Structures are given as structure tokens and as C-alpha cells.
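See below for the structure under consideration.
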Amino acid sequence: MTKRVKVFNLDGKPVDKITLPPLFSTPIRPDVIKRAVLAIQSNRIQPKGRDPMAGKRTTAESRGVGLGIARIPRIKGPAATGAFAPGTVGGRLAHPPVTEKKIVKRIPKKEKRLALFSAIAATSSKEMVISRGHSVEGVPQIPMVVVDDLENLKRTKDVEETLIKLGFLSDILRVREGIKIRAGKGKMRGRRKKHAVGPLIVVAEDKGIGKAASNIPGVDVVTVRDLNPEFLAPGTHPGRLTIWTKGAVEVLEKLYSSSGED
34 MTKRVKVFNL DGKPVDKITL PPLFSTPIRP DVIKRAVLAI QSNRIQPKGR
84 DPMAGKRTTA ESRGVGLGIA RIPRIKGPAA TGAFAPGTVG GRLAHPPVTE
134 KKIVKRIPKK EKRLALFSAI AATSSKEMVI SRGHSVEGVP QIPMVVVDDL
184 ENLKRTKDVE ETLIKLGFLS DILRVREGIK IRAGKGKMRG RRKKHAVGPL
234 IVVAEDKGIG KAASNIPGVD VVTVRDLNPE FLAPGTHPGR LTIWTKGAVE
284 VLEKLYSSSG ED
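See below:
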């Protein structure tokens with residue numbers, strides 16, 4: 034069933050209407066979305082392994098039985114310190130990670146396509162957006178469709194003012210007030226702060242808004258052709274608060290006019 038929605042200008046006033054593509058009515062499948070997101074994330078995992086000789090560079094030998102001591106390998110000398118065995122200091126690992134392990138999760142193309150359509154449909158469900166934790170007070174419409182002038186914004190200040198006029202102030206504040214210092218070693222590894230996920234802006238063409246919005250915590254910008262289930266369902270949870278430009282909706286319909294039913 035097709036759905037007509039309003040198109041808003043940068044001042045937050047309706048100026049036009051547009052019919053959403055049929056894929057916005059795709060049945061929402063959280064299980065398929067989760068599989069697709071995990072498959073995408075698995076491609077970023079780096080293979081790791083251990084030196085095959087780690088913990089084995091020692092002359093330690095077991096002294097056998099009948100001496101009233103444990104049979105673990107021990108180094109020569111009066112100290113007779115245990116070595117080599119997995120339970121000893123400096124010994125080998127019992128089951129070390131190996132580089133041959135298959136860490137990339139595969140998913141069929143049609144299933145990944147269904148996950149994308151399902152994640153897109155979830156962005157048009159107000160119940161899903163609210164259940165995901167977004168603050169939609171003041172947002173006049175879900176999904177939010179905006180004129181293509183949004184793509185031309187080149188200053189962070191202009192993007193922020195536009196989002197406020199469109200009713201996204203409460204969600205921006207939710208993210209900004211939730212910024213926390215990460216516990217643990219991650220602070221030393223370029224992951225000092227952590228914050229929630231905010232609105233997603235989907236554009237037909239990035240003419241400067243990508244760089245302008247990059248300094249707003251939680252806000253992401255992506256073109257329709259680069260759209261994937263992880264953008265629409267971060268952490269495998271569908272229903273991200275999303276802003277679509279009118280051109281993005283039109284490109285989306287051209288790209289997936291068959292709605293993935295083939």
C-alpha cells in the first residue's frame with residue numbers, strides 16, 4: 034500500500050507532497066536485519082593469530098612420576114620453575130587464536146536486499162522509532178522528507194539550525210547530553226568518548242552536508258547508493274530516526290523499483 038507524505042522546506046513548513054515507494058511497506062523482519070548488520074560488521078574484523086612457538090622456547094621437561102611432585106614440565110636448575118604447559122607462567126596458550134579462522138559471515142544477496150528494504154520500512158514506523166529510544170517530540174512526520182536544498186548546506190551551524198526547525202532538537206539534545214567518557218583502555222585508543230546514535234540524513238548527492246554534519250554528535254549522512262542496513266539499524270536495532278531528501282526518495286524508487294520481489 035502506497036503512502037503519500039508531506040515534503041518540508043528548510044524552515045520546517047510543508048511545501049509539497051510525495052508518494053513513498055512500495056518498499057516502505059515491506060514487512061519488518063528484525064531477525065533478517067540483525068543477520069545483515071552482523072555480516073557487514075564482520076568484514077571490519079581483523080584476522081589475528083599467535084606465534085606457533087610462543088611459550089615453547091624453553092628446555093623444560095617433565096620429571097615423570099614417582100617423585101611426589103606434579104608432572105608439569107620444569108626448567109633445569111634448583112628453582113625447578115614450571116614452564117611450557119598452559120597453566121604455567123610464560124607457558125603456551127591451550128587454544129590460541131589462529132589466522133585461518135573464518136571470521137567473515139556470509140549472507141545471500143536476496144536476504145541482504147530484504148534486510149535493507151525491511152530496515153527502510155522500519156524508519157517509517159513511529160512505534161519502531163520510539164521503541165529504539167529516539168525522542169520524536171516536535172517531529173511533524175515520520176518518515177521525514179525534506180527538499181533537496183538540504184544537500185547544499187556547507188556549515189555545521191546551518192545544518193544544526195535546520196534540524197532544530199524541522200523538530201529534531203530533542204533528539205540532538207538526547208545524544209549531546211548522553212556523551213560519556215569510556216571506561217577502560219579504549220580512552221587511549223582513539224575511542225575516548227561514546228554517545229548514542231542520532232538522526233540519519235539520506236541524500237541523493239552529497240554536495241557538502243556530509244562534512245557539515247560530521248561535527249554534530251550522533252548525526253550521520255549517507256547517499257542512497259551507499260545505504261546499508263547498518264546505517265538504518267545501528268547495533269542491529271531497526272527504526273532509526275531518518276531524514277530523507279526528496280531526491281533521495283526518487284533515486285531509491287529508481288534503484289529498487291521491483292521492491293526486491295524478483
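Under the working numbering, the first residue of the sequence shown is numbered 34, with each subsequent residue one higher.
Yeah, the Cβ is synthetic: ideal placement off N, Cα and C, and Gly gets one too.
The structure presented is a predicted model; accordingly, all values stated were derived computationally and were not measured.
- In chain order, Ser168, Ala229 place their CB closer than 7 Å to the CB of Arg207, counting only its own chain and leaving out the 5 sequence neighbours on each side.
- Under DSSP, Pro47 forms a beta bridge with Phe41.
- Every beta strand (DSSP E) stretch that sits fully inside the stretch 173–259 and reaches 3 residues is listed by chain position as 177–179, 233–236, 253–256.
- Under the Cβ criterion (8 Å, minimum of three pairs), the stretch 95–109 does not count as touching the stretch 51–70.
- Leaving aside the five residues that flank Thr91 on each side, the residues in its chain whose CB is nearer than 6 Å to its CB run, in chain order, Ala116, Phe117.
- In this structure, DSSP gives Arg146 a helical state, which the three-state scheme calls helix.
- In the structure shown, the three-state DSSP call for Glu94 is strand.
- For Ile163, the enclosing alpha helix (DSSP H) begins and ends at 159–164.
- Judged by pairs of C-beta atoms under 8 Å, the stretch 189–206 does not touch the stretch 155–163, as fewer than three such pairs exist.
- Between the stretch 67–87 and the stretch 169–188, the count of Cβ pairs shorter than 8 Å is below three; the stretches do not touch.
- Here Asp44 is exposed. Its C-beta has fewer than 16 other C-beta atoms within 10 Å.
- Sequence-distant Cβ neighbours of Glu238 in its own chain, meaning closer than 8 Å and more than five residues away, are Glu184, Thr256, Gly280.
- Within the same chain, and ignoring the five residues on either side of Ala148 in sequence, the residues whose Cβ sits closer than 6 Å to its Cβ are Val65, Ile66, Ala69, Pro262.
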